[in-house]
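S.K.: Residues in the sequence shown are numbered from 201 upward in steps of one, following our numbering. All C-beta atoms in this analysis are idealised placements derived from N, C-alpha and C, irrespective of residue type, glycine included. Note that the coordinates shown come from a computational prediction; the quantities given were computed from them, not determined experimentally. Sharing a structure with you now.
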Amino acid sequence: MKILIKVIITALLVTGISELSRRYTTLAAILASLPLTSILAMIWLYLDTKDTQKVSDLSYGIFWAVLPSLLFFVALPLLLKAGLKFPLALLVSCALMAGFYFGYLAILRKLGITAL
Numbered sequence: 201m202k203i204l205i206k207v208i209i210t211a212l213l214v215t216g217i218s219e220l221s222r223r224y225t226t227l228a229a230i231l232a233s234l235p236l237t238s239i240l241a242m243i244w245l246y247l248d249t250k251d252t253q254k255v256s257d258l259s260y261g262i263f264w265a266v267l268p269s270l271l272f273f274v275a276l277p278l279l280l281k282a283g284l285k286f287p288l289a290l291l292v293s294c295a296l297m298a299g300f301y302f303g304y305l306a307i308l309r310k311l312g313i314t315a316l
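Written out as structure tokens, the structure reads:
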């Protein structure tokens, strides 16, 4: 039952932002830029475990994971403006982000950062 509640709340947030973006793009973008997924994951983790160290570790890991994900938000609009169809632009943006993650993780390891 807990999992179903988690799925419903998360789905409602994503659907709400998607619907809001039809009329109020700026407001939807602001809401979407909030770390809602991260916040929900931390809430669910805490409610399930009551372990603040796990929540802290997750938060620290998320911090280090944000930078590579930003590449996606730069690549997608550039690819769309260049004329790529949405599915291909989305796929290429995801691939670029994934490739950047691999390189980024290698750099973090060399720097002794093991959060991810």
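Under the assumption that Leu323 contacts Thr210 (Cβ atoms under 8 angstroms), give the Cβ distance between them as a whole number of angstroms.
M.R.: Only positions 201 to 316 of the chain appear in the structure, and residue 323 is not among them; the question remains open.
S.K.: Taking the CB atoms as reference points, tell me whether Leu258 and Leu245 lie closer together than 9 angstroms.
M.R.: The answer is yes: Cβ separation under 9 angstroms.
S.K.: Alpha carbon to alpha carbon, how far is Ala228 from Leu236?
M.R.: Those two C-alpha atoms are separated by around 12 angstroms.
S.K.: Below 8 angstroms on the Cβ atoms is my contact criterion, and I expect Leu279 with Val266 to pass it. Report the Cβ-Cβ distance as a whole number of Å.
M.R.: The pair is not a contact, with the Cβ atoms about 21 angstroms apart (cut-off 8 angstroms).
S.K.: Please confirm whether Phe263 and Ala315 have their CB atoms less than 9 angstroms apart.
M.R.: Closer than 9 angstroms, so yes.
S.K.: May I have a chain-ordered list of the alpha helix (DSSP H) segments no shorter than 4 residues that lie completely inside the segment 212-259?
M.R.: Complete alpha helix (DSSP H) runs here, min 4: 225-233 and 236-249.
S.K.: Once you ignore the five residues that flank Ser221 on each side, which residues in its own chain have a CB closer than 8 angstroms to its CB?
M.R.: Contacts found: Ala228, Ala229 and Ala232.
S.K.: Answer with buried or exposed for Pro268, where buried requires no fewer than 16 other C-beta atoms within 10 angstroms of its C-beta.
M.R.: Pro268 comes out buried.
S.K.: Which same chain residues end up closer than 8 angstroms to Asp248 when comparing Cβ atoms and leaving out the 5 residues on each side of it in sequence?
M.R.: So the list reads Lys202, once near-sequence residues are dropped.
S.K.: Just to confirm, does Leu278 get its C-beta within under 8 angstroms of one of the non-hydrogen atoms of the ligand NAP?
M.R.: By its list of ligands, the structure shown contains no ligand whatsoever, and the ligand NAP lies outside what it can speak to.
S.K.: So, using beta-carbon positions, are Met297 and Ala275 closer together than 9 angstroms?
M.R.: Going by C-beta atoms, Met297 is nearer than 9 angstroms to Ala275.
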